[in-house]
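**Student:**
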Amino acid sequence: MSNPNIEKNALFKLSYGMYVLTAEDEGKDNGCIINTCIQVAEDPTTVVIAVNKGGFTHDMIAKTKKFNVSVLDESTPMEVFEHFGFQSGKNVNKFESPVYGAKKSENGIYYLSEHINAYLSGYVTEMIDLGTHTLFIATVVKAQKLADTAGATYDFYSKNIKPAPSPKAKGWVCKICGYVYEGEELPADFICPWCKHPASDFEKLV
Ligand code: FE
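Residue numbering for the sequence shown follows our numbering, starting at 1 and increasing by one per position.
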């Protein structure tokens with residue numbers, strides 16, 4: 001569904017942050033990476049998060065209505081994105097061993113304390129179906145600053161954290177996360193196994 005009027009590179013000029021989104025359901029803990037968390041009202045303090053429907057964290061939040069957002073800072077190593085973004089909570093327990101100073105907040109959900117400058121706890125008041133994603137509108141029930149470090153924007157992640165593909169790599173690279181598909185032709189219905197973005201977000205390595 002690519003629209004010739006929509007230049008993907010124009011959308012890449014929008015600013016985003018990078019966050020670890022966490023949830024808990026019936027004793028199971030999970031988390032994923034999101035780049036969309038915006039405060040949209042002051043009173044009551046309200047945020048929106050947009051979450052890909054393909055992820056396990058999405059389903060947990062849709063059910064429990066509760067989540068934490070940990071705000072990643074510029075010290076974040078690629079391993080954090082790999083740990084939370086490149087594997088699914090459907091197959092892996094991402095909190096099996098202690099990770100990045102994870103602690104539980106009052107809502108029973110983990111937040112991270114390393115590479116993080118703040119976290120907040122949200123309670124979902126409304127859900128809007130946006131096709132690939134659900135927009136969760138949530139009241140902030142807790143927010144705490146953990147450090148004065150600069151938050152990692154999506155642009156900072158792209159330029160400083162995400163590894164560049166090896167000069168020898170051949171094929172197609174995902175412009176969102178850096179995954180390399182090895183092959184001459186990228187199937188039109190290909191979905192990035194790491195970030196779940198479609199083939200239109202890949203570019204040919206030359
Ligand atoms: Fe990707």
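We treat Cβ as the ideally placed atom computed from N, Cα and C, and that holds for glycine.
The structure displayed is predicted, hence computed values, not measured ones.
#1: Do ALA143 and TYR119 count as a contact pair if the criterion is CB distance below 9 Å?
#2: Below 8 Å on the Cβ atoms is my guess for ASP148 versus ASN117; work out the distance and round it to an integer in Å.
#3: Is ASP201 close to ligand 1? I mean its beta-carbon at under 8 Å from any heavy atom of the ligand.
#4: Would you list the one or two residues that DSSP bridges to SER121?
#5: Considering only DSSP beta bridges, list what PHE209 is partnered with.
#6: Using the Cα positions of GLU126 and ALA41, report the straight-line distance between them to the nearest angstrom.
#7: Since I believe LYS94 is in contact with ASN30 (beta carbons under 8 Å), could you give me their beta-carbon distance rounded to a whole number of angstroms?
#8: In the DSSP assignment, find the unbroken alpha helix (DSSP H) run with LEU11 in it and report its ends.
#9: If you scan the stretch 30 to 89 from start to end, which runs of the alpha helix (DSSP H) of 4 or more residues do you find wholly inside it?
#10: State the DSSP-derived secondary structure class of ASP155, mapped to helix, strand or coil.
#11: Look at the Cβ atom of LYS170, then the Cβ atom of GLU203, and state whether they are nearer than 9 Å.
#12: Using the DSSP secondary-structure output, state which residues sit across from HIS197 in a beta bridge.
**Tutor:** Put simply:
#1: yes
#2: 7 Å
#3: yes
#4: ASN68 and LYS142
#5: Residue 209 falls outside the range modelled here, since the chain spans only 1 to 206, and no answer is possible.
#6: 14 Å
#7: 6 Å
#8: 8 to 11
#9: 56 to 64 and 78 to 85
#10: helix
#11: no
#12: For HIS197, which the question treats as bridged, DSSP gives no partner whatsoever.
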